[in-house]
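Here the sequence shown is numbered in full-length UniProt numbering, starting from 1 and rising by one per residue.
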Amino acid sequence: MKLPVACREGKRENLLLEIMKKDITRIVVLDGYTLNPGDLSWAELESLGRCEIHDRTPPEETLQRARNAEVVLTNKTVLDGEIIARLPRLRYIGVLATGYNVVDIEAAARRGIPVTNVPEYGTSSARQMVFAHILRFCNRVAEHGERVQRGDWCRSQDFCLPRFPLIELSGLTLGIVGFGRIGTAVAEVAIAFGMKVLAYNPSVPAQAPAGVVLTELEPLFRESDFVSLHCPLTPGNRGFVDAGLLGSMKPSAFLINTARGPLIDEYALAAALDEGGIAGAGLDVLAQEPPPMDCPLLTARNCFITPHIAWATRAARGRLMDAAIDNLRAFLRGEWLNVVGSSPGRTSTKNPGG
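Below, the structure is given as C-alpha cells:
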C-alpha cells in the first residue's frame, strides 16, 4: 500500500530529525525554572535530543554544565565570549526570551554559531501588566479592599467609602517610549480608555496609527500624565530616565516600567518620588534582579514594584517554549528561524535587551 504524499513527507522529516539527533548528543538548558516552574512540559524538547535541564546555573558552573553540549538554551545565564570560546562542541545557542543581551553575539558569529530568540510571545501579558500598574494608581483597589476587610465600610455612615482619590483615565495623556509590538498594543488599550497617546520611538521611525501622536522625548515626558517605557536596553540608553527627564514631568504624573530596569536612574527616581516631583511609579523591573536590600526604590514614596512577572503568564510561557523549540527544530532541519545578530546570509532582529 502506497502512503499518501503527506504521510511520506512526514516520515521523511521524522527520519531526518532522527539522523540529526545523532549529531546533537546533548541539549543543555541552563536556567529553565522561570520558563517552566512545573506547569509546562519539556517533552517536545526532549524528543529532539538528550536533554539536561537545570532550574538555575550559578555563573561559576556555566562552563562545566555546558562543556559537552551542542545546543545550549539560556534565559538569563550569561554566555560571554570567554565561555563560548571554551565550548568546543557548541553548535547552537537558543535564548528563551526576546532580549538576547546575555549572549556575546559577535563571539558566537566568529565561530559560526547561530543565536536565536523568541521575538513575539508576551505582548498581551505585558500590556496587561502595564494597565495593572496604571489602574492600581487610579482605582486603589487593594487599599479600598483592605479597608472593607478591617470593617471600615461596616462602620461607615455612607453607602460608599472613597478613602483614596480616584483617577479617571479618559482625557488623560499616556506617553509611550518605544513603539514596537508592546508599545503599540498598550496604545490600543489606552485609546479604548479614551486617553490621548503620545509616542516616541528611539530606534526606528514609526508610523503612527489613528489616535497616536509621534513626538520627541522631552515633550512626551513634559506633557504626559503617565509615561510607560517599552524600549530595549542598549549601551546608549542606560539610565536615560534621569533627574532631568523626571524633573520635567508633572508632579501629578506617574512612571511605568515593564521593559528593563537599567533604563532608569534609580537614585534619581527615588529622589523624585520622595520629594514629590512625580506622583508615583509602577515598576516590574529593576536595575539589579533580585534587588539588593538597599535598593533605593524599595522604600521610595508611592513606588509599587512587582517582581519581573509581566512576561510570566502560563499562556505566554507556553508560547515562548513552543517558539524556542520551533527555532531548534528548524536548525535541526538545516534552516535558521529567528536568528539574531549578523550571520552569513542572515539579517539581525534588533532587540538585544527587550
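Built from N, CA and C at the ideal position, the CB exists for glycine as well. Quick caveat, the model's predicted, so the values are computed rather than measured.
Which partner residues does residue i have in the DSSP bridge list?
i      : result
GLY280 : PHE254
LEU198 : GLY175 and VAL213
GLY94  : LEU73 and THR116
GLU52  : VAL28
LEU229 : VAL177 and ASN257
VAL340 : VAL115
CYS303 : ALA281
LEU79  : VAL103
VAL241 : ILE264
Figure out for me which residue from the options has the closest Cα to the Cα of residue i.
i      : options                           : result
ARG140 : VAL340, GLY282 and ALA126         : GLY282
LEU320 : TYR200, GLY32, ILE84 and ARG26    : GLY32
ARG26  : VAL186, HIS133, GLU143 and GLU46  : GLU46
PHE164 : ARG147, LYS250, MET293 and VAL189 : ARG147
MET249 : ALA270, TYR267, ILE278 and ALA142 : ILE278
PRO235 : PRO58, SER203, GLU60 and ASN75    : SER203
ALA132 : ASN101, LEU217, LEU233 and VAL189 : VAL189
ALA107 : THR34, ILE93 and LEU166           : ILE93
TYR121 : ARG333, GLY49, GLY99 and LEU286   : GLY99
SER224 : SER252, PRO209 and ALA208         : SER252
ALA208 : LEU332, ARG89, THR184 and GLY151  : THR184
GLU61  : GLN149, VAL28, SER156 and ARG314  : VAL28
HIS308 : ILE325, MET293, GLU289 and ALA315 : GLU289
Cutting at 7 Å between CB atoms, please list the residues of its own chain near residue i, excluding the five before and the five after it.
i      : result
TRP42  : ASN36, CYS51 and ILE53
ALA310 : SER125, ALA126, MET129, THR258 and ASP284
ASP104 : LEU79, ASP80, GLY81 and ILE84
ALA268 : ASP242, ALA243 and LEU246
Please go through the same chain and pick out, in chain order, the residues whose beta-carbon is closer than 6 Å to the beta-carbon of residue i, but skip the five residues on each side of it.
i      : result
MET195 : LEU169, LEU172 and LEU174
PRO4   : Residue placement at PRO4 is poorly supported in this model, since its pLDDT is 46, which falls under 50; the coordinates still yield a value, given next. Answer for PRO4: no residue qualifies.
ARG91  : GLU70
THR306 : ASP284
LEU217 : TYR200
PRO162 : none
LEU286 : GLY261
With a threshold of 7 Å between beta carbons, is residue i in contact with chain D?
i     : result
GLU46 : Although the question refers to chain D, the structure presented lacks it and comprises just one protein chain.
Pull up the CB-CB distance for residue i and residue j, whole angstroms please, since I reckon it's below 8 Å.
i           : j      : result
PHE221      : LEU245 : 5 Å
LEU87       : ARG67  : 7 Å
ALA243      : ASP265 : 7 Å
ILE83       : LEU96  : Not confirmed; about 17 Å, so no contact.
ARG238      : LEU40  : At roughly 33 Å, the Cβ-Cβ gap does not stay under 8 Å, so ARG238 and LEU40 are not in contact.
residue 355 : LEU48  : No statement about residue 355 is possible, as the shown extent of the chain runs from 1 to 354 and does not include it.
Near residue i, what residues of its chain come up, given a Cβ to Cβ distance below 8 Å and the 5 sequence neighbours on each side ignored?
i      : result
ASN338 : THR116, ASN117, VAL118, PRO119, ALA323, ASN327 and THR349
VAL213 : LYS196, VAL197, LEU198 and ALA199
LEU166 : CYS138, ASN139 and ARG140
ALA187 : LEU174, ILE176, PHE179, VAL197, ALA199, PRO209, GLY211 and VAL212
Taking Cβ positions, are residue i and residue j nearer each other than 7 Å?
i      : j      : result
THR123 : ARG65  : no
LEU273 : CYS303 : yes
THR77  : LEU135 : no
GLY211 : ILE191 : yes
PRO291 : ALA270 : no
GLY280 : PHE240 : no
LEU263 : LEU229 : yes
Is residue i near the ligand COA, with its Cβ less than 6 Å from a heavy atom?
i     : result
ASN75 : The model on display carries no ligand, and the ligand COA is accordingly not part of it.
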